[in-house]
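Data block below; observations after.
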Amino acid sequence: MSNEIELIKDPGLPAHVHRRADDDEKYAKRAETQVSILFLLSAFGTVLTIVSYVFIPTDKFIFIPVMGETNAEQLLLGLGMAIALFCIGAGAIHWAKTLMPDNEVIAERHEFRSEDEDRAEFVKTVKAGASAAGLGRRPLIKRSLGLALGLSGLTPLLLLRDLGPLPKENLQKTSWKAGTRLVTDPGDRPIKPADLEVGAVAQTLPELAPGEERTLNNIGKDAVLLIRLRPEDFNLDAERLSWTHEGIIAFSKICSHMGCAVALYEQQTKHLLCPCHQSTFDVTRAAKVIFGPAARPLPQLAITVDADGYLVAKQPFTEPVGPSFWERSS
Ligand code: FES
Numbered sequence: 032m033s034n035e036i037e038l039i040k041d042p043g044l045p046a047h048v049h050r051r052a053d054d055d056e057k058y059a060k061r062a063e064t065q066v067s068i069l070f071l072l073s074a075f076g077t078v079l080t081i082v083s084y085v086f087i088p089t090d091k092f093i094f095i096p097v098m099g100e101t102n103a104e105q106l107l108l109g110l111g112m113a114i115a116l117f118c119i120g121a122g123a124i125h126w127a128k129t130l131m132p133d134n135e136v137i138a139e140r141h142e143f144r145s146e147d148e149d150r151a152e153f154v155k156t157v158k159a160g161a162s163a164a165g166l167g168r169r170p171l172i173k174r175s176l177g178l179a180l181g182l183s184g185l186t187p188l189l190l191l192r193d194l195g196p197l198p199k200e201n202l203q204k205t206s207w208k209a210g211t212r213l214v215t216d217p218g219d220r221p222i223k224p225a226d227l228e229v230g231a232v233a234q235t236l237p238e239l240a241p242g243e244e245r246t247l248n249n250i251g252k253d254a255v256l257l258i259r260l261r262p263e264d265f266n267l268d269a270e271r272l273s274w275t276h277e278g279i280i281a282f283s284k285i286c287s288h289m290g291c292a293v294a295l296y297e298q299q300t301k302h303l304l305c306p307c308h309q310s311t312f313d314v315t316r317a318a319k320v321i322f323g324p325a326a327r328p329l330p331q332l333a334i335t336v337d338a339d340g341y342l343v344a345k346q347p348f349t350e351p352v353g354p355s356f357w358e359r360s361s
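Mapping of the sequence shown onto the working numbering: position 321 corresponds to residue 352, and the numbering continues sequentially without gaps.
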């Protein structure tokens, strides 16, 4: 079946009413300018929205006679969006009512791929439609509409700012610093190497500074597993070995696959297991992944002891803890 494309007068639509712009080019030019002004106003509204969102502090208030004390950012955001949306709508309506042809185009298309000549015919008709809409003849409208639509596309990008820091950035900042003591969880008691027997595993957290409180977010990011092996069990390079202390090694507890808590330790094999998707990490080889979907080892925390003999972090984590789905290349 070939495509049928025809221009018809839809019997359901009112008959074409003669418009002044149909044969008065001066009037058509004026309408074109009006439409363009509306589109430019819309672009201005979007710029106002972006500027108020980025530059006006959220706690700035101004006095407006009928409204009283008003939040400046919210007022200008609302105003900007209202101008942007109203003007682009008004411009489109004015354009359609004064300048666009009011013929209805019906294109009956074959369900599957059409024959080449039908496709070429279709492209020709679309181009003819665009030219009938006057975009080619009315560059002012084309440019102002492009500007208004382009800028309005930027607005949703701004909302990304409210989603908080990127996960990678967030997970890069744990509470571990050089000299932070490891404390029991629960109990918050500092730990000495002698508290752990060979084969033991313990969950620890960083010691809180006076006045600091633990948040759920921090507990999740900061949780560290301490495991004690015999020093000769390790199969580590010199640097990673220097991050252990008397056979005690520390890893982030958040699985590097999807962020579950790595909760199972097999003493015989010296493997840590994540219960969610069975990623398995070899403790003797710096938590290298030996099975499962995790893409990278559990980050290792370098530890030593302080002057009082308590276990402390030597330095913060050197890589983000937790899932690594945003850095697939690693
Ligand atoms: S979250 Fe640990 S294996 Fe998937």
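The beta carbon of each residue, even a glycine, is placed where N, CA and C say it ideally should be. The model shown is predicted, which means the values in this text are computed figures rather than measured ones.
For residue i and residue j, what's the separation of their Cα atoms in angstroms?
i    : j    : result
C286 : G353 : 6 Å
A292 : R220 : 22 Å
L303 : S206 : 23 Å
Q331 : A318 : 8 Å
H276 : V336 : 8 Å
T129 : V66  : 10 Å
A52  : L176 : 20 Å
F92  : I81  : 18 Å
C305 : V320 : 11 Å
P187 : T77  : 11 Å
I334 : E350 : 15 Å
I250 : N102 : 36 Å
R174 : D90  : 37 Å
A254 : I124 : 59 Å
P170 : F86  : 33 Å
E243 : P237 : 11 Å
G111 : A121 : 15 Å
P347 : A240 : 16 Å
A326 : A151 : 49 Å
L189 : A233 : 43 Å
A344 : V229 : 20 Å
G278 : D268 : 14 Å
H288 : C307 : 9 Å
E56  : H49  : 14 Å
E252 : V97  : Here residue 252 is Lys; the residue named in the question, Glu, does not match the sequence. So the two alpha carbons sit approximately 49 Å from each other.
D313 : Y84  : 49 Å
E100 : L79  : 20 Å
A338 : I222 : 13 Å
E146 : W126 : 35 Å
Q298 : S283 : 18 Å
P132 : P88  : 47 Å
P262 : G210 : 23 Å
For residue i, which of helix, strand or coil comes out of DSSP?
i    : result
Y341 : coil
I250 : helix
F70  : helix
E100 : strand
K57  : helix
A240 : coil
V48  : coil
R359 : Here the model assigns R359 a pLDDT of 45, short of 50, so the residue's position is not dependable, and the following value carries that caveat. If DSSP states are grouped into helix, strand and coil, R359 belongs with coil.
F322 : strand
H276 : strand
L130 : coil
E146 : coil
I63  : A quick correction: the sequence has Glu, not Ile, at residue 63. Three-state result, E63: helix.
H18  : The chain is shown from 32 up to 361; residue 18 falls before or after that span and cannot be answered.
R271 : helix
T335 : strand
D264 : helix
A233 : strand
F348 : coil
T300 : coil
D226 : helix
S316 : Inspection of the sequence shows that residue 316 is occupied by Arg rather than by Ser. In the structure shown, R316 sits in a helix (DSSP, three-state: H, G or I).
R169 : coil
L176 : helix
What whole-angstrom Cβ distance do residue i and residue j have, given they're in contact under 8 Å?
i    : j    : result
F265 : T300 : No, F265 and T300 are not in contact; Cβ-Cβ is about 15 Å, not under 8 Å.
L227 : R271 : So it is not a contact: roughly 19 Å between Cβ atoms.
S310 : G290 : Actually they are not in contact, since the Cβ atoms of S310 and G290 sit about 11 Å apart, beyond 8 Å.
P224 : L342 : 6 Å
L256 : A281 : 7 Å
Discussion item. Assess contact between the segment 97 to 111 and the segment 56 to 74, defined as three or more Cβ pairs (one per stretch) separated by less than 8 Å. Is contact present?
Written reply: no
Practice prompt. Kindly confirm or deny that the segment 173 to 183 and the segment 203 to 220 touch, where touching means at least three C-beta pairs closer than 8 Å.
Written response: no
Discussion item. Check whether the segment 73 to 91 and the segment 109 to 129 are in contact - that is, three or more C-beta pairs closer than 8 Å.
Written reply: yes
Worksheet item: Taking a cut-off of 7 Å, which residues have a beta-carbon closer than that to any heavy atom of ligand 1, in chain order?
Response: C286, H288, M289, G290, C291, V293, C305, C307, H308, Q309, S310, G323, P324 and A325
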